[in-house]
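Chemist: Pasting a structure below so you can have a look.
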Amino acid sequence: MMELKEELDTSNYDPNDPLYSDVNKAVPGKFKEEVAGQTIKEFCGLREKLYFIKVQESNDDGTSPNVYQKMATAGTKGHLAKKYLSHQRFLDVLNETQTIMQMNQKTIRSYQHKLYNIDQRRTALSSIDDKRYVLPDGSTRALGHHKNFDLTSQEELFKLFHEVDKLDKEDESSSASRN
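Just so you know, we're using my numbering here: the sequence shown kicks off at 204 and counts up by one.
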């Protein structure tokens, strides 16, 4: 890691660590290690900004190390993620035991200076990248790029999202009929 030190923000390391430096602190484009030099015990990454890490803290006093969890769930409220999302749920989506997980969340929004309570149904977990198109060689392009030639994958993606949208509408109509 010493060779990469110029590319890393290690300001969250222990000040006694040889890699510690605050030179790149909060500098755009520098990589910051999420766990500050601790040992990653397990990692499950579904896509960008959607991952779960089990971290083992190192103890200098010889006691058994603590294990804590860290997750990033872009678009899902933090309190809901802590309550309903677990390492096992991430693994289920990764291993395709469960393809997609959606959650209902409430938020307050302002439109033209008026406040509204909004009920949202958000995709909390999904291993499908809806913004990138994967080419046969493994490289990617933006989903709407004009050079994308294999339409079958895009059609499958659109079918899946259409099915999810259809389920959302069925959910909304069933909840409206209950009220």
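Using N, Cα and C, we set each Cβ at its ideal position, and we do this for glycine too.
Whole angstroms is fine: what's the gap from residue 283's alpha carbon to residue 308's?
Modeler: Counting from 1 along the sequence shown, the entry for residue 283 is found at position 80. Counting from 1 along the sequence shown, the entry for residue 308 is found at position 105. So the alpha carbons of these two residues sit roughly 8 Å apart.
Chemist: Using DSSP bridges, identify the partner residues of residue 320.
Modeler: Position 117 of the sequence shown, counted from the start, is the residue given in the question as residue 320. Looking at the DSSP assignment, residue 320 forms a beta bridge with 311.
Chemist: Taking 8 Å as the limit between beta carbons, can you name the residues of its chain near residue 269, skipping five residues before and five after?
Modeler: Residue mapping note: residue 269 aligns to position 66 of the sequence shown, counting from 1. Within the same chain, residue 269 has close Cβ partners 259, 260 and 262.
Chemist: Within this structure, are the beta carbons of residue 326 and residue 305 separated by less than 7 Å?
Modeler: Here residue 326 corresponds to residue number 123 of the sequence shown, with the count starting at 1. Here residue 305 corresponds to residue number 102 of the sequence shown, with the count starting at 1. Yes.
Chemist: Taking CB distances under 7 Å as the criterion, tell me whether residue 224 reaches chain E.
Modeler: Within the model displayed, chain E is absent; a lone protein chain is all it includes.
Chemist: Near residue 313, which residues of its chain fall below 8 Å by C-beta distance, leaving aside the five closest residues on each side in sequence?
Modeler: Position 110 of the sequence shown, counting from 1, holds the residue named residue 313. Excluding positions up to five away in sequence, the list reads 319.
Chemist: By a C-beta neighbour count over all protein chains shown, 10 Å radius and 16 as the cutoff for buried, is residue 311 buried or exposed?
Modeler: Walking along the sequence shown from the start, residue 311 turns up at place 108. Exposed.
Chemist: Once you ignore the five residues that flank residue 250 on each side, which residues in its own chain have a CB closer than 7 Å to its CB?
Modeler: Start at 1 with the first residue of the sequence shown, and residue 250 comes out as number 47. 330 and 332.
Chemist: Would you kindly work out how many angstroms separate the C-alpha atoms of residue 243 and residue 315, rounded to a whole number?
Modeler: Stepping through the sequence shown from its first residue, residue 243 is reached at position 40. Stepping through the sequence shown from its first residue, residue 315 is reached at position 112. Going from the Cα of residue 243 to the Cα of residue 315 covers about 46 Å.
Chemist: Under 6 Å: does the beta carbon of residue 220 sit that close to some heavy atom of the ligand SAM?
Modeler: Of the ligands one can find in the structure shown there are none, so the ligand SAM has no counterpart to examine.
Chemist: Could you spell out the range, first to last residue, of the beta strand (DSSP E) harbouring residue 254?
Modeler: In the sequence shown, residue 254 corresponds to position 51, counting from 1. Start and end: 253-259.
Chemist: I need the straight-line Cα distance from residue 239 to residue 271, nearest angstrom please.
Modeler: For this step, residue 239 is matched to residue 36 along the sequence shown. For this step, residue 271 is matched to residue 68 along the sequence shown. In this structure, the straight-line span from the alpha carbon of residue 239 to that of residue 271 is close to 13 Å.
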